[in-house]
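Written out below as structure tokens is the structure these notes cover.
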Amino acid sequence: MRCFWWRYSAGWNSGANLIEALFPDGAIALVASEAMWEGSLFPEEAACIERAAAKRRREFTAGRLCAREALARLGVPPAPLLPNSDRTPRWPEGVVGSISHCGGYCGAVVARCQHFAGLGLDAEVAAPLDPKLVSRICRPSELARMADCAPPPGTSWEKLVFSAKESTYKCYYPLTRTFLGFHDVEIAFSPAESSFTATVVRDAVPAAAGTRNFSGRFACDGARVFTGVALAAPAGTQNSV
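So the sequence shown is numbered by this note's numbering: it starts at 14 and just counts up by one.
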């Protein structure tokens, strides 16, 4: 892997611009404001978390209000955003999206289905991955490619592999309802473009919208790493609306 200068942006507020840059035009990505963490939910949403711990209630609230603001920018009227039985958000008809929480941070991304078949957003604390987890998360080929390239400040390539696989899974799962293990996906980074490719290498699981290859982007603000995956809708779908 050739190494290039890392695109690095310090500061808490940089997260908003960073996740916007992870996705192509047509996707709306937002970071939850402080007010969203303490905001009000629809009664149906509040009922879903009435027995949850305070931390989970705050995260759920921030995620729903952030997603609702992003949906509003798509022209979608406000409505409850309830969880499915597997806890994934039940997005409005004709919309795809993803929500991520991380240590007091929350972001959401949404788009119309005629533009994207799926989206995945992930944010993680930038601290390097626990060495005990590296072999569980990373394939040997991934470790070999990263061996000669310095990671972004304050993190590790292994942590970025973890995040990239999380965002890939968030894009893949709603399309297939199939679980993936960490070794079922292979990540290859292109540091110069702050991008990566994700390939589902396990033959026994289905393709998603006709593909096993996903394109993503990554970024870091010094405190967190961010990854985003966007899967374009099939050409016929893009032209149908």
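Each residue gets a CB set at the ideal place from its N, CA and C atoms; glycine is no exception.
All values derive from a computational prediction rather than experimental measurement.
Worksheet item: Where does Val147 sit, in a helix, a strand or coil, going by DSSP?
Response: As a first step, residue 147 is located in the sequence shown; it is residue number 134 there, counting from the start. Reduced to three states, the DSSP call for Val147 is helix.
Item to complete: In angstroms with no decimal places, state the Cα-to-Cα distance between Ala92 and Arg81.
Response: Reading the sequence shown from its first residue, position 79 is the one you call residue 92. Reading the sequence shown from its first residue, position 68 is the one you call residue 81. Distance between the alpha carbons of Ala92 and Arg81 is about 8 Å.
Discussion item. Three Cβ pairs or more, each shorter than 8 Å: is that satisfied between the region 229-242 and the region 154-174?
Written reply: yes
Worksheet item: Taking just the CA atoms, how far does Cys162 sit from Asp255?
Response: Residue 255 is absent from the structure shown; the chain starts at 14 and stops at 254.
Worksheet item: Buried or exposed: Ser180, going by 16 or more other Cβ atoms within 10 Å of its Cβ?
Response: Within the sequence shown, residue 180 is the residue found at index 167, counting from 1. Classification of Ser180: buried, given that the 10 Å Cβ count is 16 or more.
Item to complete: With a threshold of 16 other CB atoms inside 10 Å of the CB of Val109, please say whether the residue is buried or exposed.
Response: Within the sequence shown, residue 109 is the residue found at index 96, counting from 1. Buried, by the Cβ-count rule.
Worksheet item: Is Val122 closer than 8 Å to Phe36 when the C-beta atoms are compared?
Response: Taking the sequence shown and counting its residues from 1, the one referred to as residue 36 is at position 23. Taking the sequence shown and counting its residues from 1, the one referred to as residue 122 is at position 109. Closer than 8 Å, so yes.
Worksheet item: Taking Val147 as the reference, which of Glu206, Ala201, Val213 and His196 has the closest Cα?
Response: Indexing the sequence shown from 1 puts residue 147 at position 134. The option with the nearest alpha carbon to Val147 is His196.
Practice prompt. Would you identify the three-state DSSP class for Leu255, choosing helix, strand or coil?
Written response: Shown here, the chain extends from 14 to 254; a query on residue 255 therefore has no answer.
Worksheet item: Using the beta-carbon count (16 or more within 10 Å), is Asn252 buried or exposed?
Response: Taking the sequence shown and counting its residues from 1, the one referred to as residue 252 is at position 239. Reliability fails at Asn252, whose pLDDT of 45 lies under 50, so the model's placement of it is uncertain and no value is given.
Fill in: Local conformation of Arg237 per DSSP, three classes
As a first step, residue 237 must be located in the sequence shown, where it is residue number 224. Three-state DSSP puts Arg237 in a strand.
Worksheet entry | Three-state secondary structure assigned by DSSP to Arg69 | Residue numbering aside, residue 69 sits at position 56 when the sequence shown is read from its first letter. Residue state for Arg69 is assigned as helix, using DSSP reduced to three classes.
Worksheet entry | C-beta contact flag for Ala222 and Gly131 at 8 Å | Taking the first residue of the sequence shown as position 1, residue 222 is located at position 209. Taking the first residue of the sequence shown as position 1, residue 131 is located at position 118. Closer than 8 Å, so yes.
Discussion item. Along the chain, where does the beta strand (DSSP E) containing Ala211 start, and where does it finish?
Written reply: Position 198 of the sequence shown, counting from 1, holds the residue named residue 211. Counted as a single uninterrupted DSSP element, the beta strand (DSSP E) harbouring Ala211 occupies residues Ser208 to Val213.
Item to complete: Apply the 10 Å Cβ neighbour rule to Glu155 and answer buried if 16 or more other Cβ atoms are within range, or exposed otherwise.
Response: Sequence index remark: in the sequence shown, residue 155 carries index 142 (1-based). With 16 or more Cβ atoms within 10 Å of its Cβ, Glu155 is classed as buried.
Worksheet item: Is Thr74 near Leu54, with beta carbons less than 8 Å apart?
Response: Sequence index remark: in the sequence shown, residue 74 carries index 61 (1-based). Sequence index remark: in the sequence shown, residue 54 carries index 41 (1-based). It is a contact, given that the beta carbons lie within the stated cut-off.
Worksheet item: Is Phe129 helix, strand or coil by DSSP?
Response: In the sequence shown, residue 129 corresponds to position 116, counting from 1. Note: Phe129 maps to strand in three-state DSSP.
Item to complete: Tell me, to the nearest whole angstrom, how far the beta carbon of Gly167 is from that of Ile32; I am working on the premise that it is less than 8 Å.
Response: Against the sequence shown, residue 167 aligns to sequence position 154. Against the sequence shown, residue 32 aligns to sequence position 19. The beta-carbon distance between Gly167 and Ile32, rounded to whole angstroms, is 18 Å. This is too long to meet the 8 Å contact definition.
Worksheet item: Which partner residues does Gly110 have in the DSSP bridge list?
Response: Within the sequence shown, residue 110 is the residue found at index 97, counting from 1. For Gly110, which the question treats as bridged, DSSP gives the partners Val123.
Item to complete: Inspect the beta-carbon positions of Val138 and Gly107 and report whether they are closer than 8 Å.
Response: By one-based count along the sequence shown, residue 138 stands at place 125. By one-based count along the sequence shown, residue 107 stands at place 94. Taking 8 Å as the Cβ cut-off, Val138 and Gly107 do not qualify as a contacting pair.
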